[in-house]
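Chains as they are written, first to last, in our numbering: chain Y, 1 to 165; chain U, 166 to 852. Structure record follows, encoded as structure tokens.
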Amino acid sequence: MSKKIFIDFKRCIACKACEVACEMEHGEARIRVFEFPDLTSVAFNCRHCEKAPCMEVCPVNALSKDDDGAVVLDPLKCIGCLMCAVACPFGIPKIDEYNKIMDKCDLCAHRRAEGKLPACVSACPTEALKYGDINDVLWAREGKIVAELKDIGDRTNVLEAYLIR
Amino acid sequence: MAEKLVPVVCPWCSVGCRFYIVNVNGYPKKIEFDYEHDTRNHGKLCPKGVSSFQYLRHPDRLKKPLKRVGERGEGKFVEISWEEAIREIAQRLKEIKEKYGPEALAFLGSERCSIEENYVLQKLARALGTNNIEYVCRMCQSTAVAGKGMVLGHPGLTNPFEDILKAKVIVLWGYNPAATNPVFFGQYIEKAILDNGAKLIVIDPRKTKTAKYADMHLQPYPGTDLAIALAMLNVIITQELYDKDFVAERAEGFEELAKTVEKYTPEWAEKVSGVPAELIRKAAITFATAGTAALLTNEGVNQHANGTRTVMALTEMMVLCGYFGKEGVMSGAIPGAHNGMGAGLMGVEPESLPGKFPLHAEEHRRRIEEVWGFKIPEKPGITYVEMIDAILEGKLKALYVMGTNPAKALPNLKKVEEAFKNIEFLVVQDIFLSETAKYADIVLPAAAWFEKDGTAISFERRVQRSFKAADAPGEAKPDWEIIVMLAKELGLGEYFNYSDVDDILREINRTIPPLAGATPERLKKNLKGCMVPCPDENTEVPRLFVQGFLTPNGKAQLIPVEYKEPGEVPDEEYPFWLTNYRLVGHFHTGTMSHRSKSLSKRWPEEYIEINENDAKRLGIKDGDLVRVETRRTALVFKAKVTPHIREGVVAAPWHWDFNYLTTDVLDEYAKMPELKTAACRISKVEG
């Protein structure tokens with residue numbers, strides 16, 4: 001299973017540390033934080049889809065998946081036709097106005113190569129951004145719920161045992 | 166390319182985050198997160214931390230000493246040599262001292278410089294015979310220091326950060342950590358709330374990103390927090406929710422406090438603050454019955470003319486509930502800058518000696534005089550805001566400013582500008598040509614935080630060493646080196662015989678007993694540092710007040726507090742309450758953050774928040790230009806119409822020109838100016 005960045009909306013405080021961290025790594029931020037009038041905020045980046053429409057429509061095969069499952073762009077192949085931008089349901093690939101080719105999140109390939117986390121995940125002070133395998137991320141959440149239920153169960157048994165005595 | 170990672174302490178707020186600067190042949194290339202060490206930030210950083218190398222190589226950096234050639238405030242200078250600059254400063258200071266006496270000189274230290282640098286600066290002031298030495302703590306923490314000092318004998322944050330994870334209720338009063346300390350918020354407060362089920366009570370006129378997580382949000386008019394605090398005390402006492410054993414054993418003055426707060430019912434507080442009485446009652450009960458509680462305050466409480474009184478009432482609430490000295494508890498105010506606490510502890514204050522001992526504490530005076538080898542002047546100095554009046558009255562002739570920006574940070578800025586136009590001699594030592602530096606006779610280029618070794622004390626009372634990670638541009642020098650050069654030129658070289666910061670820190674270890682154990686060797690070996698007090702190399706004190714308080718008899722002093730209005734309240738002429746707040750992407754007066762590309766791009770300009778009902782009444786739409794006028798002057802802001810601020814209150818971020826509007830009325834105990842409230846009127850700018 002490939003690794004991705006998962007977003008826990010309820011933890012985001014719109015501090016934009018992810019945006020700035022990404023900008024430090026890539027010159028332009030490839031993750032954006034959207035703020036809504038009710039104070040909720042959502043950090044939004046490439047989903048690196050399992051069945052990625054951007055990859056499917058690219059006429060020159062400039063987009064491919066790397067070993068970790070990240071959809072990465074080969075800038076030497078890209079012709080700036082914008083097909084990926086049109087196909088992406090999340091509106092993620094953006095044109096690099098200077099080079100006239102596309103620019104998108106590669107889950108910080110250079111950092112992953114050194115065993116480091118993507119910059120946005122490294123920075124996120126609230127851990128609203130998590131990098132990992134979906135099963136691990138879900139299991140961490142499930143595990144916590146299961147542990148809590150178990151704890152309640154244990155306490156109930158103790159209480160019952162006490163009452164019986 | 167020789168690339169190396171140098172561990173540094175973050176130069177912005179006071180959480181004490183650590184990270185690395187990636188240095189390539191002396192040039193700062195980028196930052197890298199520190200996940201290897203047991204850091205307080207667990208490797209995490211906020212946007213300011215992540216982009217903090219950007220301002221280092223900004224083209225505006227001062228690279229050579231400058232001498233003014235134009236009018237004061239105009240910003241016209243010529244470059245001069247270091248020798249010339251130091252010679253002229255020494256000569257002018259000597260002349261002024263001889264002609265008017267040492268009290269015509271004043272020095273401003275900095276919460277952004279290291280403890281070593283602040284230590285040598287206050288030593289220089291005292292060697293010259295004056296206690297006119299201050300720093301901006303007067304404008305952010307002094308009411309908290311005075312208030313907690315009176316009740317508990319010590320103003321520090323009581324517990325280590327981990328304790329907040331065990332708190333059952335967290336009260337954030339006049340404090341928006343989601344914007345001011347995002348890492349502290351994310352790693353500790355948010356985890357306590359979302360993972361450990363702590364209840365959150367927020368007291369703030371604005372619905373902030375912090376208040377989004379609140380179980381109860383109390384929205385008082387700015388500066389009326391004291392009314393709520395007194396009403397909560399009333400509820401805790403009348404409903405007998407206080408810890409009777411704790412109060413009997415570890416506090417005194419309960420009866421008188423109980424009698425005083427009798428009249429301050431939640432219904433009375435509702436009339437004063439606009440917060441429903443039932444909500445105040447509910448908050449008091451939740452706080453008092455929680456078992457463990459964290460009560461953290463910041464400028465929303467501090468920066469008022471009744472700030473000390475509010476801090477006293479809040480501290481007394483913690484005492485009554487018997488929370489001090491336990492795990493899962495926290496109480497404190499949060500300094501704005503990374504060395505806010507350190508500079509104060511170094512004695513950069515007009516009435517205290519290094520170690521925060523009062524100037525008149527004979528035993529400590531003698532001990533410090535012995536270490537220094539000269540007499541410490543006995544007459545207390547004047548405070549920060551009072552210095553401006555002293556300049557205008559002609560009593561203060563020379564001001565030496567190190568790494569701080571009073572021409573933007575002080576209230577009632579027109580008056581401040583007037584003072585700086587009329588001062589006889591002004592020296593500014595900084596990394597950029599700040600608003601203050603434009604008035605200076607001589608400007609000295611200083612090295613920035615990453616360009617020198619130095620020690621800082623975070624708001625957790627943690628002493629940490631930061632290392633030199635980049636070369637300073639041009640001829641810029643570390644602040645301590647500049648002070649030592651000046652001291653030698655002034656003929657005081659024998660008292661300033663330091664060859665590096667370690668020499669200074671060793672003297673600090675000798676001079677300030679609570680810091681005796683924070684030796685250079687210990688801090689270099691242990692990046693996590695140690696918590697003050699650390700009387701020897703193997704000791705630190707993570708939790709304060711476990712046994713007793715630091716008052717003379719070890720008992721908390723429950724001094725009765727009466728209600729006092731803020732310095733300026735709305736009337737018919739100026740019907741709105743005006744207050745300010747901070748943005749997550751900017752820092753203080755913006756000297757550094759406005760020059761950080763990634764930050765100024767995201768947080769580009771000021772604006773004013775207006776409640777949607779008020780806006781409708783005044784015909785103001787989102788994005789309109791509005792004129793905001795106080796008794797001092799008027800400014801034009803872009804309007805941000807929002808439901809997140811209470812009716813009758815308008816608020817703007819303070820990093821730009823906000824302080825032209827504020828009043829310089831002072832807190833009676835701490836001489837803190839009322840930066841957080843003013844009465845104003847607003848109107849739409851037509852056309």
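We put the beta carbon where it would ideally sit given N, CA and C, even for glycine.
Mind checking if residue i is an interface residue toward chain U, Cβ cutoff 8 Å exclusive?
i: arginine 165 of chain Y; result: Only weak support is given to the placement of arginine 165 of chain Y: the predicted model assigns it a pLDDT of 47, under 50, and the value that follows is read from those uncertain coordinates. Not one chain U Cβ lies under 8 Å of arginine 165 of chain Y.
i: leucine 129 of chain Y; result: no
i: methionine 24 of chain Y; result: yes
i: lysine 150 of chain Y; result: no
i: valine 146 of chain Y; result: no
Within 10 angstroms of its Cβ, does residue i collect 16 or more other Cβ (buried), or is it exposed?
i: alanine 572 of chain U; result: buried
i: glutamine 384 of chain U; result: buried
i: glutamate 168 of chain U; result: exposed
i: glutamine 306 of chain U; result: buried
i: valine 285 of chain U; result: buried
i: arginine 11 of chain Y; result: buried
i: tryptophan 139 of chain Y; result: exposed
i: glutamine 722 of chain U; result: buried
i: arginine 202 of chain U; result: The residue asked about is misnamed: residue 202 of chain U is histidine in this sequence, not arginine. Answer is exposed; the Cβ neighbour count stays below 16.
i: serine 246 of chain U; result: exposed
i: glutamine 885 of chain U; result: Outside the modelled stretch of chain U, which goes from 166 to 852, sits residue 885 of chain U, for which no answer is possible.
i: arginine 222 of chain U; result: exposed
i: glutamine 404 of chain U; result: exposed
i: histidine 382 of chain U; result: buried
Is there a Cβ from chain A that is less than 8 Å from the Cβ of residue i?
i: isoleucine 13 of chain Y; result: Looking at the structure shown, chain A is missing, and the protein chains on hand are Y and U.
Can you list the residues of chain Y that residue i reaches, using a CB-CB cut of under 9 Å?
i: alanine 343 of chain U; result: Ile13, Ala14, Cys15, Thr126
i: serine 623 of chain U; result: Neighbours of serine 623 of chain U on chain Y: none; closest Cβ ~15 Å, over 9 Å.
With DSSP as the reference, identify every bridge partner of residue i, one or two as the case may be.
i: methionine 552 of chain U; result: BP columns for methionine 552 of chain U are empty, so no partner.
i: proline 818 of chain U; result: U/Tyr746
i: histidine 382 of chain U; result: U/Val367
i: glutamine 287 of chain U; result: None; glutamine 287 of chain U has no bridge partner.
i: alanine 526 of chain U; result: Per DSSP, none; premise fails for alanine 526 of chain U.
i: glutamate 35 of chain Y; result: Y/Ser41
i: asparagine 776 of chain U; result: U/Thr807
i: phenylalanine 6 of chain Y; result: Y/Lys130
i: tryptophan 338 of chain U; result: U/Ile368, U/Thr462
Does residue i get closer than 8 Å to chain Y when you measure Cβ to Cβ?
i: histidine 809 of chain U; result: yes
i: glutamate 543 of chain U; result: no
i: leucine 657 of chain U; result: no
i: glycine 355 of chain U; result: What sits at residue 355 of chain U in the sequence shown is glutamate, not glycine. Answer yes: the Cβ-Cβ gap between glutamate 355 of chain U and chain Y drops below 8 Å somewhere.
i: cysteine 211 of chain U; result: yes
i: glycine 208 of chain U; result: yes
i: glutamine 256 of chain U; result: no
i: arginine 291 of chain U; result: no
i: leucine 337 of chain U; result: no
i: lysine 333 of chain U; result: no
i: proline 717 of chain U; result: no
i: arginine 760 of chain U; result: no
i: glutamine 594 of chain U; result: no
i: phenylalanine 350 of chain U; result: yes
i: alanine 844 of chain U; result: no
i: valine 466 of chain U; result: no
i: lysine 803 of chain U; result: no
Since residue i meets chain Y, which of its residues come closer than 7 Å, beta carbon to beta carbon?
i: lysine 194 of chain U; result: Those within 7 Å of lysine 194 of chain U in chain Y number zero; the least Cβ separation is about 10 Å.
Mind pulling the chain Y residues with CB within less than 8 Å of residue i?
i: lysine 603 of chain U; result: In chain order: nothing, as chain Y lies at least about 29 Å away.
i: phenylalanine 326 of chain U; result: Within 8 Å Cβ-Cβ: nothing; phenylalanine 326 of chain U doesn't reach chain Y, min ~13 Å.
i: lysine 690 of chain U; result: In chain order: nothing, as chain Y lies at least about 26 Å away.
Residue i: beta carbon under 7 Å from a heavy atom of the ligand GTP?
i: alanine 683 of chain U; result: Ligands in the displayed structure: none, and consequently the ligand GTP is not present.
Residue i touches chain U at which residues, Cβ-Cβ below 8 Å?
i: lysine 3 of chain Y; result: In chain order: nothing, as chain U lies at least about 17 Å away.
i: lysine 10 of chain Y; result: Leu359
Name the chain U residues whose beta carbon is nearer than 7 Å to that of residue i?
i: serine 122 of chain Y; result: Phe198, Gly208
i: lysine 94 of chain Y; result: Result: empty, since nearest Cβ-Cβ is about 16 Å, beyond 7 Å.
Quiz item: Quick check: the stretch 264-274 of chain U against the stretch 551-566 of chain U, are there 3 or more CB pairs under 8 Å?
Solution: When C-beta atoms of the stretch 264-274 of chain U are compared with those of the stretch 551-566 of chain U, three or more pairs fall below 8 Å, so the two segments count as touching.
Exercise. Evaluate contact between the stretch 463-482 of chain U and the stretch 288-303 of chain U, counting only Cβ atoms and requiring at least three cross-stretch pairs below 8 Å.
Key: No, they do not touch.
Quiz item: For the 8 Å Cβ check, are there 3 or more pairs between the stretch 601-621 of chain U and the stretch 224-231 of chain U?
Solution: By the criterion of at least three beta-carbon pairs nearer than 8 Å, the stretch 601-621 of chain U is in contact with the stretch 224-231 of chain U.
Quiz item: Would the stretch 348-366 of chain U and the stretch 507-520 of chain U be scored as touching if the rule is three or more Cβ pairs under 8 Å?
Solution: With a cut-off of 8 Å, the stretch 507-520 of chain U and the stretch 348-366 of chain U do not count as touching, because too few Cβ pairs lie within range.
Quiz item: Do the stretch 79-88 of chain Y and the stretch 55-62 of chain Y meet, that is, are 3 or more Cβ pairs less than 8 Å apart?
Solution: Counting C-beta pairs closer than 8 Å gives three or more between the stretch 79-88 of chain Y and the stretch 55-62 of chain Y, which meets the contact rule.
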